[in-house]
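The structure appears right after this line, and notes come after that.
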Amino acid sequence: LAAARRRRRENGEVRARENEAKRLRRLNPEVRERETEAQRLRRENPAVRERENEAQRLRREDPVVRERETEAQRLRREDPAVRERENEAQRLRREDPAVRERETEAQRLRREDPAVRERENEAQRLRRAIGNLFHR
Numbered sequence: 002l003a004a005a006r007r008r009r010r011e012n013g014e015v016r017a018r019e020n021e022a023k024r025l026r027r028l029n030p031e032v033r034e035r036e037t038e039a040q041r042l043r044r045e046n047p048a049v050r051e052r053e054n055e056a057q058r059l060r061r062e063d064p065v066v067r068e069r070e071t072e073a074q075r076l077r078r079e080d081p082a083v084r085e086r087e088n089e090a091q092r093l094r095r096e097d098p099a100v101r102e103r104e105t106e107a108q109r110l111r112r113e114d115p116a117v118r119e120r121e122n123e124a125q126r127l128r129r130a131i132g133n134l135f136h137r
């Protein structure tokens with residue numbers, strides 16, 4: 002038991018160091034540029050996109066994963082430091098003209114895509130139906 006606890010603590014420390022290293026890498030503009038380029042290439046590769054979508058679908062359908070994710074989200078939402086960081090990141094993104102430009106462009110494309118519009122209408126209809134169930 003003590004060995005397992007020590008391993009978990011060591012793993013936590015390793016994870017903390019790795020996260021810190023990742024954070025520092027992300028702050029480096031050259032690294033960020035390379036990573037966004039790699040992400041763009043991956044996104045544009047249909048086989049990769051298909052695999053990622055399939056993996057995401059499987060994760061979404063796994064009740065254990067879903068439970069863990071909702072728990073993690075709840076904990077993140079309740080952590081004031083996390084909320085503060087997320088709000089700050091969002092504020093910085095909103096103030097960045099390039100990001101704002103990309104977001105408005107993405108929104109325009111989404112609005113013009115009939116499949117997306119159809120999915121959004123369906124999602125809204127379901128949300129309304131769920132809301133009606135709870136307000137009876």
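Numbering of the sequence shown is given in the working numbering, commencing with residue 2 and proceeding in unit increments.
Virtual Cβ for every residue (Gly too), placed ideally from N, Cα, C.
From a predicted model like this one, the values you see are computed outputs, not experimental measurements.
Using 8 angstroms for Cβ pairs, my map puts Asn95 next to Arg101. What's the rounded Cβ distance? For the record, residue 95 in the displayed sequence is Arg; it is not Asn. Yes, Arg95 and Arg101 are in contact; Cβ-Cβ is about 7 angstroms, under 8 angstroms.
Own chain residues within Cβ distance below 6 angstroms of Val32, not counting five before or after: Arg26
Assign Leu2 to one of three DSSP states: helix, strand, or coil. coil
Find out if the Cβ-Cβ distance for the pair Arg69, Arg78 is shorter than 8 angstroms. no
Beta-carbon proximity check, Arg44 vs Arg52, cutoff 8 angstroms: no
Limits of the unbroken alpha helix (DSSP H) element including Arg77: Pro64 to Glu79
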